[in-house]
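*Asks:* Before we start, here is the structure in question, set down as structure tokens.
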Amino acid sequence: MISNRFITSTFQRISNAADRHFGGIVRRIGEIFVIRLAIRTAKEISDDDVSHMAAGVAYYALFSLFPLLLGLIAILSFFLESEQIQSQVIELTGGFLPGSELLVQDNVDAAVGVRGALGLFSVIGMLWAGSAVFGALNRSINRAWDIQTDRPLYKGKPRQLLMALTVGILFALSFSSATVVRTAETLSRYDVPVLGLLVQQVGQILLQGFSFILVLAIFLLIYKFMPNTKTYWKYIWPGAVLGALLFEVAKNLFIFYLERSTYQNIYGSVTPVIVLLLWAYVSSLILLAGAELSSEYGRMRNNIGRGVLLTVDEGAVEPVVAVD
0 MISNRFITST
10 FQRISNAADR
20 HFGGIVRRIG
30 EIFVIRLAIR
40 TAKEISDDDV
50 SHMAAGVAYY
60 ALFSLFPLLL
70 GLIAILSFFL
80 ESEQIQSQVI
90 ELTGGFLPGS
100 ELLVQDNVDA
110 AVGVRGALGL
120 FSVIGMLWAG
130 SAVFGALNRS
140 INRAWDIQTD
150 RPLYKGKPRQ
160 LLMALTVGIL
170 FALSFSSATV
180 VRTAETLSRY
190 DVPVLGLLVQ
200 QVGQILLQGF
210 SFILVLAIFL
220 LIYKFMPNTK
230 TYWKYIWPGA
240 VLGALLFEVA
250 KNLFIFYLER
260 STYQNIYGSV
270 TPVIVLLLWA
280 YVSSLILLAG
290 AELSSEYGRM
300 RNNIGRGVLL
310 TVDEGAVEPV
320 VAVD
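Those letters in the sequence shown? Residues 0 to 323, by numbering that gives the first Met the number 0.
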């Protein structure tokens, strides 16, 4: 009968031989910057409990969405007709919130109906209510950057309002771009039908490009101005680019899944709300994962600049207490 000592010694010899032959390769792979960055980011995502933070952000996003839409519609009403506002808002939000078109359309119709009664203070009130999601993002991104000190209310809330307004302006620019593309398609279709088809194809590509650029701009702004510390564009761009790409991929996969799911049979009339909450969670997860990547990228670049090579097993730096 084979003894336990023999089995243990055999495995030890095999382990030592593997380490002699392959240990150097494993160590060299571990020293590759991109691989170390990926491993450390995954570790931080787990340590910071990003999945639970994303759930909190999704909750606030659900309650912030429609006040923000109402404020945006009120602003757009100064430049566009009712029909244009409805079609453009529904089309663009449908692209960002797949599966929730009916819920968005009902609220947009109601918002367009009362927009005339909204004054400046009402718009500010809508933005104030809608900025709650940016407060949740601020707390979550601070955790990604290991920041433990909050901004005072007189500094934090105006920044959140400014972010809400900036995102609204970006959406408005996207609406304008979409309107120009649609108008060009219509004119070309009436003048030269063949050219109209070509313009339509090019227009779809341009709209997809606008969608990606808009998401990228929002990610960059959030990573730059939400943390309670000074951040640099050169450190946040990898997380923003990867996050925007993942957002577009996830959006298309989510649409593909919804087209083949049985959510309507399970949840009935509340299906749009469930779908919206689920997509808000997925989006928040991607956004916070990108923040973790940006913080780790900046941390590793800083240490390389000082001649320090962080291994994949080394923990995060000490929490930052300074407030920007």
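The beta-carbon is built from N, C-alpha and C at its ideal position, and this holds for glycine as well.
#1: Can you say whether serine 63 is buried or exposed, counting buried as having 16 or more other CB atoms within 10 angstroms of its CB?
#2: Which residues does DSSP pair with isoleucine 221 in a beta bridge?
#3: For serine 289 versus leucine 220, is the C-beta distance shorter than 8 Å?
#4: Alpha carbon to alpha carbon, how far is arginine 158 from leucine 252?
#5: When you compare the CB positions of alanine 249 and valine 274, do they come within less than 8 Å of one another, or not?
#6: How long is the line joining the alpha carbons of asparagine 302 and valine 269, rounded to whole angstroms?
#7: Rounded to a whole number of angstroms, what is the C-alpha to C-alpha distance between glutamate 295 and asparagine 227?
#8: Looking only at its own chain, which residues have a Cβ that is under 6 Å from the Cβ of threonine 230, when we skip the five neighbours before and after it?
#9: Starting from the Cα of alanine 54, find the closest Cα among Leu169, Val132, Phe32, Ile38 and give me that residue.
#10: Glutamate 291: buried (16+ other C-beta within 10 angstroms of its C-beta) or exposed?
#11: Is it right to say aspartate 145 is buried, meaning 16 or more other beta carbons lie within 10 angstroms of its own, or is it exposed?
#12: What number of angstroms, rounded off, separates the C-alpha of leucine 160 from the C-alpha of isoleucine 254?
#13: With DSSP as the reference, label isoleucine 31 as helix, strand or coil.
#14: Terminal residues of the continuous alpha helix (DSSP H) containing arginine 138?
#15: Evaluate glutamate 43 with the Cβ neighbour count: other Cβ atoms within 10 Å of its Cβ, from every protein chain shown; 16 or more gives buried, anything less gives exposed.
#16: Rounded C-beta distance between serine 130 and methionine 52? I'm assuming under 8 Å.
#17: Quick test of your reading: glycine 208 and serine 293, contact by CB under 8 Å. State the CB separation rounded to the nearest angstrom.
#18: Less than 8 Å between the CB atoms is what I'm expecting for leucine 169 and alanine 216, so what's the real figure, rounded?
#19: Quick check: what's the CA-CA separation for lysine 233 versus isoleucine 265?
#20: Which one of Thr261, Leu164, Met225 has the shortest CA to CA distance from alanine 135?
#21: Between leucine 245 and isoleucine 212, is the Cβ-Cβ spacing less than 8 Å?
#22: How far does the alpha helix (DSSP H) with asparagine 251 in it extend, from its first residue to its last?
#23: Nearest CA to the CA of leucine 276: which residue from Val56, Ala41, Arg39?
#24: Could you have a look at lysine 156 and say whether DSSP puts it in helix, strand or coil?
#25: Can you look up threonine 261 in the DSSP assignment and give me helix, strand or coil?
#26: Assign leucine 67 to one of two classes, buried (16 or more other C-beta atoms within 10 Å of its C-beta) or exposed (fewer than that).
#27: Use the C-beta contact count for arginine 259: other C-beta atoms within 10 angstroms, 16 or more gives buried, fewer gives exposed.
#28: Short of 6 Å in beta carbon distance, which residues of its chain neighbour tyrosine 59, apart from the five on each side in sequence? Order them along the chain.
#29: To which residues of the same chain is valine 193 closer than 6 Å at the C-beta, ignoring the five residues directly before and after it?
*Replies:* With the given structure in hand:
#1: Taking the sequence shown and counting its residues from 1, one reaches residue 63 at position 64. By the neighbour-count rule (16 or more Cβ atoms within 10 Å), serine 63 is buried.
#2: In the sequence shown, counting from the first residue as 1, residue 221 sits at position 222. Answer is none; isoleucine 221 lacks a bridge partner.
#3: As a working note, residue 289 is residue 290 in the sequence shown. As a working note, residue 220 is residue 221 in the sequence shown. This sequence places glycine at residue 289; serine is not what is there. No, Cβ-Cβ distance for glycine 289 and leucine 220 is not below 8 Å.
#4: Here residue 158 refers to the residue found at position 159 when the sequence shown is read from its first residue. Here residue 252 refers to the residue found at position 253 when the sequence shown is read from its first residue. Cα to Cα, arginine 158 sits roughly 33 Å from leucine 252.
#5: As a first step, residue 249 is located in the sequence shown; it is residue number 250 there, counting from the start. As a first step, residue 274 is located in the sequence shown; it is residue number 275 there, counting from the start. No, the Cβ-Cβ distance between alanine 249 and valine 274 is not below 8 Å.
#6: Locating residue 302 in the sequence shown gives position 303, counting from the first residue. Locating residue 269 in the sequence shown gives position 270, counting from the first residue. Roughly 50 Å between the two C-alpha positions.
#7: In the sequence shown, the residue the question calls residue 295 occupies position 296. In the sequence shown, the residue the question calls residue 227 occupies position 228. Distance between the alpha carbons of glutamate 295 and asparagine 227: 16 Å.
#8: Translated into positions along the sequence shown, residue 230 becomes position 231. Result list for threonine 230: Lys223, in chain order.
#9: Reading the sequence shown from its first residue, position 55 is the one you call residue 54. Measuring from the Cα of alanine 54, the nearest candidate turns out to be Val132.
#10: Along the sequence shown, read from residue 1 onward, the residue named residue 291 stands at position 292. Looking at its Cβ environment, which holds 16 or more other Cβ atoms inside 10 Å, glutamate 291 is buried.
#11: Reading the sequence shown from its first residue, position 146 is the one you call residue 145. Classification of aspartate 145: buried, given that the 10 Å Cβ count is 16 or more.
#12: Your numbering for residue 160 matches position 161 in the sequence shown. Your numbering for residue 254 matches position 255 in the sequence shown. When rounded, the distance between both Cα atoms is 31 Å.
#13: Indexing the sequence shown from 1 puts residue 31 at position 32. Three-state result, isoleucine 31: coil.
#14: In the sequence shown, residue 138 corresponds to position 139, counting from 1. Here the alpha helix (DSSP H) through arginine 138 covers 131-143.
#15: Within the sequence shown, numbered from 1, the residue matching residue 43 stands at position 44. Buried, because 16 or more other Cβ atoms sit within 10 Å of the Cβ of glutamate 43.
#16: For this step, residue 130 is matched to residue 131 along the sequence shown. For this step, residue 52 is matched to residue 53 along the sequence shown. Not quite, the Cβ-Cβ distance comes to about 18 Å (not below 8 Å), so this is no contact.
#17: Counting from one through the sequence shown, the residue named residue 208 turns up at place 209. Counting from one through the sequence shown, the residue named residue 293 turns up at place 294. About 23 Å; that fails the 8 Å criterion.
#18: As a working mapping, residue 169 is identified with position 170 in the sequence shown. As a working mapping, residue 216 is identified with position 217 in the sequence shown. Contact holds; Cβ gap of about 6 Å.
#19: What you label residue 233 is simply residue 234 of the sequence shown in a count that begins at 1. What you label residue 265 is simply residue 266 of the sequence shown in a count that begins at 1. Taking the straight line joining both Cα atoms gives about 46 Å.
#20: Numbered from 1 along the sequence shown, position 136 holds the residue referred to as residue 135. Selected option, being the one with the closest Cα: Met225.
#21: As a first step, residue 245 must be located in the sequence shown, where it is residue number 246. As a first step, residue 212 must be located in the sequence shown, where it is residue number 213. It is not a contact, given that the beta carbons lie outside the stated cut-off.
#22: The sequence position of residue 251 within the sequence shown is 252, counting from 1. That run of the alpha helix (DSSP H) goes 232-257.
#23: Sequence index remark: in the sequence shown, residue 276 carries index 277 (1-based). Looking at the Cα atoms, Val56 is the closest of the given residues.
#24: Your numbering for residue 156 matches position 157 in the sequence shown. Of the three classes helix, strand and coil, the one that applies to lysine 156 here is helix, per DSSP.
#25: Looking up residue 261 in the sequence shown gives position 262. DSSP places threonine 261 in coil when its eight states are reduced to three.
#26: Residue 67 sits at position 68 when you count from the first residue of the sequence shown. The residue in question, leucine 67, is buried, as its Cβ has 16 or more Cβ neighbours within 10 Å.
#27: Locating residue 259 in the sequence shown gives position 260, counting from the first residue. Looking at its Cβ environment, which holds fewer than 16 other Cβ atoms inside 10 Å, arginine 259 is exposed.
#28: One-based indexing of the sequence shown puts residue 59 at position 60. Cβ neighbours of tyrosine 59 beyond the five flanking positions: Ala131, Val132, Ala135.
#29: Start at 1 with the first residue of the sequence shown, and residue 193 comes out as number 194. Unreliable positioning characterises valine 193 in this predicted model, as indicated by a pLDDT of 49, which lies under 50. A coordinate reading is not provided.
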